[in-house]
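For the sequence shown, the numbering used here gives the first residue as 3, with consecutive numbering after it.
Glycine residues also receive a C-beta, built at the ideal position from the N, C-alpha and C atoms.
First comes the structure, then the notes that go with it.
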Amino acid sequence: MPRVDVELPSVLTGLLGVPRVVPVEASCLADALRELSELHPTIDVHLFDETGGFREHVLCFHNDTNTRWLDGTDVALADGDRITIMQAVSGG
3 MPRVDVELPS VLTGLLGVPR VVPVEASCLA DALRELSELH PTIDVHLFDE TGGFREHVLC
63 FHNDTNTRWL DGTDVALADG DRITIMQAVS GG
């Protein structure tokens, strides 16, 4: 099973007390996100909506490619891949 790093935004790591980088073992992006949720369940409400998809203001990148341009969360992972989660900030 590939080992990948999930990088989380600092605003979440500070708020929830979770590490900035969470190593997981997963063969696809969906499995990596599921493992992240199992390790840190308090993160779900900040990343996912009621349908299980990413919230509108959350971006997920697989090795610098926005996953919205890929096959959703059905993206195959390889050992050493990086998943980066970012949250947009807006307001005035």
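Looking only at Asn68, Thr67 and Gln89, the smallest Cα-Cα distance to Arg57 is reached by Gln89. Under a 10 Å Cβ-count criterion, His59 is classified as exposed, with fewer than 16 other Cβ atoms of the shown protein chains found around its own Cβ. Around the beta carbon of Thr69, 16 or more other beta carbons lie within 10 angstroms, which makes this residue buried.
Residue range Ser12 to Leu18 is occupied by the alpha helix (DSSP H) that includes Leu17. Taking Arg5 as the centre and dropping the five residues before and after it, the same chain places the C-beta of Pro25, Val26, Glu27, Asp81 and Gly82 closer than 8 Å to its C-beta, in chain order.
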